[in-house]
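Chains as they are written, first to last, in our numbering: chain A, 6 to 300; chain B, 6 to 300.
2 protein chains.
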Amino acid sequence: MDLRRLRYFVAVAETRSVGKAAERLRMAQPPLSVQIRKLEAEIGAPLFRRGTRGMDLTEAGQALLARASEALALAVDGAEAARAVAAGKRGRLSVGYMFVLANAMLPRLIPELRRSVPGVDLDFAELSASTREARLLDRSVTVALCMPAINHPEIQVARIGAQPFMLAMPIRSPLARLGAVPMARLQGRPLIALPPPEQDPASSAVAALLRRHQIVMPIASRVETVHSAMSLVLAGEGLAIVPACAQLGAPRGIVFRPLRDAADSIDIAVCWRRDSQSPLISRFIKCAEKAVARL
Amino acid sequence: MDLRRLRYFVAVAETRSVGKAAERLRMAQPPLSVQIRKLEAEIGAPLFRRGTRGMDLTEAGQALLARASEALALAVDGAEAARAVAAGKRGRLSVGYMFVLANAMLPRLIPELRRSVPGVDLDFAELSASTREARLLDRSVTVALCMPAINHPEIQVARIGAQPFMLAMPIRSPLARLGAVPMARLQGRPLIALPPPEQDPASSAVAALLRRHQIVMPIASRVETVHSAMSLVLAGEGLAIVPACAQLGAPRGIVFRPLRDAADSIDIAVCWRRDSQSPLISRFIKCAEKAVARL
DNA sequence: TGCAACCCATACGTTTTCGGTATGCCAATG
DNA sequence: CATTGGCATACCGAAAACGTATGGGTTGCA
Numbered sequence: 006m007d008l009r010r011l012r013y014f015v016a017v018a019e020t021r022s023v024g025k026a027a028e029r030l031r032m033a034q035p036p037l038s039v040q041i042r043k044l045e046a047e048i049g050a051p052l053f054r055r056g057t058r059g060m061d062l063t064e065a066g067q068a069l070l071a072r073a074s075e076a077l078a079l080a081v082d083g084a085e086a087a088r089a090v091a092a093g094k095r096g097r098l099s100v101g102y103m104f105v106l107a108n109a110m111l112p113r114l115i116p117e118l119r120r121s122v123p124g125v126d127l128d129f130a131e132l133s134a135s136t137r138e139a140r141l142l143d144r145s146v147t148v149a150l151c152m153p154a155i156n157h158p159e160i161q162v163a164r165i166g167a168q169p170f171m172l173a174m175p176i177r178s179p180l181a182r183l184g185a186v187p188m189a190r191l192q193g194r195p196l197i198a199l200p201p202p203e204q205d206p207a208s209s210a211v212a213a214l215l216r217r218h219q220i221v222m223p224i225a226s227r228v229e230t231v232h233s234a235m236s237l238v239l240a241g242e243g244l245a246i247v248p249a250c251a252q253l254g255a256p257r258g259i260v261f262r263p264l265r266d267a268a269d270s271i272d273i274a275v276c277w278r279r280d281s282q283s284p285l286i287s288r289f290i291k292c293a294e295k296a297v298a299r300l
Numbered sequence: 006m007d008l009r010r011l012r013y014f015v016a017v018a019e020t021r022s023v024g025k026a027a028e029r030l031r032m033a034q035p036p037l038s039v040q041i042r043k044l045e046a047e048i049g050a051p052l053f054r055r056g057t058r059g060m061d062l063t064e065a066g067q068a069l070l071a072r073a074s075e076a077l078a079l080a081v082d083g084a085e086a087a088r089a090v091a092a093g094k095r096g097r098l099s100v101g102y103m104f105v106l107a108n109a110m111l112p113r114l115i116p117e118l119r120r121s122v123p124g125v126d127l128d129f130a131e132l133s134a135s136t137r138e139a140r141l142l143d144r145s146v147t148v149a150l151c152m153p154a155i156n157h158p159e160i161q162v163a164r165i166g167a168q169p170f171m172l173a174m175p176i177r178s179p180l181a182r183l184g185a186v187p188m189a190r191l192q193g194r195p196l197i198a199l200p201p202p203e204q205d206p207a208s209s210a211v212a213a214l215l216r217r218h219q220i221v222m223p224i225a226s227r228v229e230t231v232h233s234a235m236s237l238v239l240a241g242e243g244l245a246i247v248p249a250c251a252q253l254g255a256p257r258g259i260v261f262r263p264l265r266d267a268a269d270s271i272d273i274a275v276c277w278r279r280d281s282q283s284p285l286i287s288r289f290i291k292c293a294e295k296a297v298a299r300l
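Take a look at the structure:
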């Protein structure tokens, strides 16, 4: 069963003539006649009644015509759909993000994406620091918004921005009266820490910052997520050093202050599998850069 | 866009391996590999990710796979449907019948047909004597139950039975007291006649019968249909000479008597276009013969 | 009645394309 | 480092399709 034969068949059925169909198909009449007869032989039944003025579908031919034209349409539609997906005009983009970035970026990013890649199904998934690599590698997300970037040979990274660290504290904290907090004032104060570096590289940046200024902060608690850290800060358990974007969506009762003398910042990056050549990725990066630019 | 390529593509997609797919398709691996690459060239985008352990669909490939397997299924289904229609296992049979036969035959015929050709859509249309040929020739009915047969070079006929003529009269008619009515008793009585021969050959059989017995019956009325004739008989307008099967479904108040000395009968026939080679026709004839046998 | 026009079918030679075999290349494995 | 597994490439023989030329039937007009 050959698709070309079906295409020929449909043409003959629609023009009710081998000659007309041959013209439409830009071919000579005899080979078309042969192909139609071969199709009939393959089916095992006549599909046309040959009259003196052209051809006329038999009942069997009508039964075939309905399905054949549908199959034909599906085949070309399949090719077009594949091309559209390859061109990034259609498809699915699964976006993973880390919670710290959600409140700051998603409200900008999502409308930007819808404008940039209409016709693409978007879905969003929050990633934890411990699973984000796996989610990219098994393709359950196509791109990930990370802070900082993932370091892995199979994963490619585009830096789209950076965030300075800020100190989060309860509003009643004495440090809250300062416009910017000198690093020295952190000495000895309890810290709400995020998971250790092997799970979350962000915490290693904080550790490096403190080490460089020779500050020691006892660890009051380790928590998994930034918003757990916020809860503990609010409860007065200690201070947290977090990227500036964490301010958005933080509970009332917590204030943020820049750290004087600390130029450290943490990268915001888009990460994806090196072998995902989807053109949606570069479009996504453009959108993410725009969303970051307005932070 | 070739259906064979799509079949190959689906096989590779499902087995996730060129080698395995080649085995399933009973062909060598290299030509299959070539065909897949040609398909990718035709689409203009890679459909698979080549890994070290087999092939893996890209997003574009997934988009194609869904449509391709559907198109494939439609194509084979189309071929099967055409074969089924050609074999009379499926399709449509449009049955025309003349009213006189309806009450006598349809109650037997329809269940017989449903048993004999399940899966075939049946539809029924009453035919008038004046249009039955045209309805066959333009294929708006496939077969026609006629009495008597149609005589036309394009129309083929199978005689399936015959009906003797009977005399229809009001129950109060003096002739109703006889078991069989001698032809002579018809002399001079008013006749309800059907359309003249060029429109309805049945009436010519009646005319021939009367002529042979040298009976003259003045024509009280000409009517189009047997059931109009029955109404006039009931109203006392005259007598009617009709095939025996007209008894079924005739109104109360009309009685039927055989005509003594009149061995004439009128054929019941199945008629169809000579070029309608549908196998449903021969099945229909068998069913009609069974239905007639029990009259 | 004869001739031209129309349409589909058949025949044959040329070209395209497909499938098989042999082989190369790369990565993973032991 | 050799072996294995898997896909890609090269080349050749075979099959199928296309085009041209032609036959045969019917319609329509002179």
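Backbone N, C-alpha and C fix where the C-beta goes; we use that ideal spot for every residue, glycine too.
A Cβ-Cβ contact shorter than 8 Å links B/Val105 with B/Pro248.
Annotation: Cβ neighbours of B/Asp82 in chain A (cutoff 8 Å, chain order): Arg72. If you look at B/Met171, you'll find it in the beta strand (DSSP E) that goes 160-175. Bounds of the beta strand (DSSP E) holding B/Leu98 are 96-103. Secondary structure at A/Ala198: strand, using DSSP grouped into helix, strand and coil. Following the DSSP letters along the chain, one finds A/Met60 inside the beta strand (DSSP E) bounded by residues 59-62. As a beta-bridge residue in DSSP terms, B/Ser270 pairs with B/Pro169.
In its chain, beyond the 5 residues on either side, Leu150 have a beta carbon closer than 6 Å to the beta carbon of A/Tyr102. Residue pairing by DSSP puts B/Ala149 in a beta bridge opposite B/Gly101, B/Cys276. Residue range 284-298 is occupied by the alpha helix (DSSP H) that includes B/Pro284.
If the five residues before and after B/Arg95 are omitted, its C-beta is found closer than 7 Å to the C-beta atoms of Ala86, Ala89, Gly124, Val125, all from its own chain and listed in chain order. With its beta carbon less than 8 Å from one in chain A, B/Leu79 belongs to the interface. Rounded to whole angstroms, B/Arg55 and A/Ala212 show a C-alpha spacing of 42 Å. Per the Cβ contact rule, the segment 265-285 of chain A is in contact with the segment 157-176 of chain A (3 or more Cβ pairs under 8 Å). Within chain B, the C-beta atoms nearer than 7 Å to that of A/Arg54 come from Asp280, in chain order. Cβ-Cβ distances below 7 Å link A/Ala76 to Leu11 in the same chain, with the five nearest sequence neighbours on each side left out; the list follows chain order. Here the segment 152-159 of chain A does not lie against the segment 114-124 of chain A, with fewer than 3 beta-carbon pairs under 8 Å apart. Under the three-pair Cβ rule at 8 Å, the segment 242-257 of chain A counts as touching the segment 220-232 of chain A. B/Val125 carries a strand assignment under DSSP once its states are collapsed to helix, strand and coil. Listed by position along chain B, the residues whose Cβ is nearer than 9 Å to that of A/Leu111 form an empty set, because the closest Cβ is around 23 Å away. Note: A/Glu131 is bridge-paired with A/Tyr102 in the DSSP secondary-structure output. In the structure shown, A/Gly56 falls within a strand segment according to DSSP collapsed to helix, strand and coil. Counting only Cβ-Cβ distances below 7 Å, A/Val90 has contacts in chain B at Glu64, Ala65, Ala68, in chain order. Secondary structure at B/Val247: strand, using DSSP grouped into helix, strand and coil.
Remark: fewer than three beta-carbon pairs, one from each stretch, lie closer than 8 Å, so the segment 33-46 of chain A and the segment 33-49 of chain B are not flagged as touching. Collapsing the DSSP output to three states places A/Arg227 in a strand.
Partner residues in the beta bridge of B/Arg265, as assigned by DSSP, are B/Pro187. Residue contact with chain B for A/Arg21: absent (no Cβ-Cβ distance below 8 Å to any residue of chain B).
The Cβ atoms of A/Pro195 and A/Pro158 do not sit closer than 8 Å to each other. About 27 Å separates the Cβ atoms of A/Ala185 and A/Arg113, ruling out a contact at the 8 Å cut-off.
In the DSSP assignment, A/Ile48 falls within the unbroken alpha helix (DSSP H) covering 34-48.
Assigned with DSSP and collapsed to three states, A/Val211 falls in helix. Note on B/Val39: under 16 other CB atoms within 10 angstroms of its CB, so exposed under the neighbour-count rule. Per DSSP, reduced to three states, the secondary structure at B/Ile220 is coil, with no helix or strand assignment. With a threshold of 16 other beta carbon atoms within 10 Å, A/Leu142 falls short and is exposed. Where B/Glu28 is concerned, the enclosing alpha helix (DSSP H) starts and stops at 23-29.
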